[in-house]
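Undergrad:
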Amino acid sequence: MEKDTNQLTFWEHLDVLRDTVIRIVVVAVLAAVVAFLFKDELFDLVLAPKNSDFVTYRLIQRVCMAIGVEGPDDFSVQLINTGLAEQFVIHMKTAMCMGVLCASPYIIYKLFRFVLPALYDNERKYALTLVGSGYVMFMVGVAVSYFLIFPLTFRFLGTYQVSGDVANMVTLQSYMSTMIMMCITLGIVFEMPIIVWIMSKMGLVSASFLRNYRRHAIVAILVVAAVITPTSDVFTLLLVSLPMYLLFEFSILIIK
1169 MEKDTNQLTF WEHLDVLRDT VIRIVVVAVL AAVVAFLFKD ELFDLVLAPK
1219 NSDFVTYRLI QRVCMAIGVE GPDDFSVQLI NTGLAEQFVI HMKTAMCMGV
1269 LCASPYIIYK LFRFVLPALY DNERKYALTL VGSGYVMFMV GVAVSYFLIF
1319 PLTFRFLGTY QVSGDVANMV TLQSYMSTMI MMCITLGIVF EMPIIVWIMS
1369 KMGLVSASFL RNYRRHAIVA ILVVAAVITP TSDVFTLLLV SLPMYLLFEF
1419 SILIIK
């Protein structure tokens, strides 16, 4: 019969935590190894936004055709490698990131199971709601970054030229670091409604308060977007700011 975790000693809790961490690491590493072995499929997915036939660009093209407007032209940006071991290192880092992403449901589940015995019955209901909705919102943020924010940013910056004499050749390191940073950033940004909901439950904010300070929020959003944006161009700043503002309005609806 399994011992009640509420009756465990401090050192026994550490043993349970160690077992949880070991299981999480093993699953994440196994997922990363699988991703590493499927190199072609992995980088077909990762490098897809650099091609003009990416789903986002094709969708924009269809919308332009439907409304009778000339769509954007095809583009081509060459990725280059400048380090001897850079491609292998990026392969490993990308596989590890993909492994953690694929194992994230299991990771969240094991961590939640670890802290669950310490919660009261009413706290468990709120904790389950927060963890589940927080995870979903983070993954939505990652998807928005991959399918919308990053592709449009890459297309704009990758094809921008100050002169026809200057060709664009983007390094693989720059491409990967920008993509990963933007996906993580948008995932965190999409937690805004959850954070606002918690603050409303604590009595710190209300829907009327957020509506009254909407202009101040817009300024704050622009400042935060400027800080977290991996590039310094206005185009990317506006692309990141727009989802943040929509999330702000969505937060008002949630706590209303």
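So the number in the numbering used here is just where the residue sits in the sequence shown, counting from 1, plus 1168.
Cβ atoms here follow ideal geometry from the backbone N, Cα and C, with glycine treated the same way.
Under the three-state reduction of DSSP, which class applies to ARG1186: helix, strand or coil?
TA: Within the sequence shown, the letter at position 18 stands for residue 1186. Helix at ARG1186.
Undergrad: Quick one, which of TYR1274, THR1327 and HIS1259 has its alpha-carbon nearest PHE1243's?
TA: The count along the sequence shown starts at 1 and reaches residue 1243 at position 75. For the residues TYR1274, THR1327 and HIS1259, the minimum Cα distance to PHE1243 belongs to THR1327.
Undergrad: Pick helix, strand or coil for ILE1420, following the three-state DSSP scheme.
TA: For the purposes of this step, residue 1420 is identified with residue 252 of the sequence shown, where counting begins at 1. Correct three-state label for ILE1420: helix.
Undergrad: DSSP three-state call for THR1250: helix, strand or coil?
TA: Residue mapping note: residue 1250 aligns to position 82 of the sequence shown, counting from 1. Three-state result, THR1250: coil.
Undergrad: What's the gap between the Cα of THR1177 and the Cα of MET1307?
TA: As a first step, residue 1177 is located in the sequence shown; it is residue number 9 there, counting from the start. As a first step, residue 1307 is located in the sequence shown; it is residue number 139 there, counting from the start. The straight-line gap from Cα to Cα measures roughly 36 Å.
Undergrad: Locate the alpha helix (DSSP H) running through MET1349, then write down its first and last residues.
TA: Your numbering for residue 1349 matches position 181 in the sequence shown. Taken as a continuous stretch (DSSP letters only), the alpha helix (DSSP H) holding MET1349 covers 1340-1357.
Undergrad: Tell whether a beta-carbon distance below 9 Å holds between ILE1396 and THR1339.
TA: Position 228 of the sequence shown, counted from the start, is the residue given in the question as residue 1396. Position 171 of the sequence shown, counted from the start, is the residue given in the question as residue 1339. Cβ atoms of ILE1396 and THR1339: not closer than 9 Å.
Undergrad: On a CA-only basis, which of GLN1255, ALA1394 and ARG1281 is nearest ASP1187? Give me that one, please.
TA: Sequence index remark: in the sequence shown, residue 1187 carries index 19 (1-based). The shortest Cα separation from ASP1187 among GLN1255, ALA1394 and ARG1281 belongs to ARG1281.
Undergrad: From PRO1217 to TYR1343, what distance separates their C-alpha atoms?
TA: Numbered from its first residue, the sequence shown carries residue 1217 at position 49. Numbered from its first residue, the sequence shown carries residue 1343 at position 175. If you take the alpha carbons of PRO1217 and TYR1343, they lie about 10 Å apart.
Undergrad: Given this structure, state the Cα-to-Cα distance separating LYS1171 from VAL1283, to the nearest angstrom.
TA: As a first step, residue 1171 must be located in the sequence shown, where it is residue number 3. As a first step, residue 1283 must be located in the sequence shown, where it is residue number 115. Residue placement at LYS1171 is poorly supported in this model, since its pLDDT is 41, which falls under 50; the coordinates are not used for a value here.
Undergrad: Take GLU1301 and list the residues in its own chain whose beta-carbon comes closer than 7 Å to its own, dropping the five residues that flank it on each side.
TA: Here residue 1301 corresponds to residue number 133 of the sequence shown, with the count starting at 1. Per the sequence shown, residue 1301 should be read as Ser rather than Glu. ILE1362, listed in sequence order.
Undergrad: Taking all protein chains shown into account, do 16 or more other C-beta atoms lie within 10 angstroms of the C-beta of LEU1205, making it buried, or fewer, making it exposed?
TA: Stepping through the sequence shown from its first residue, residue 1205 is reached at position 37. LEU1205 is exposed by the Cβ-count criterion.
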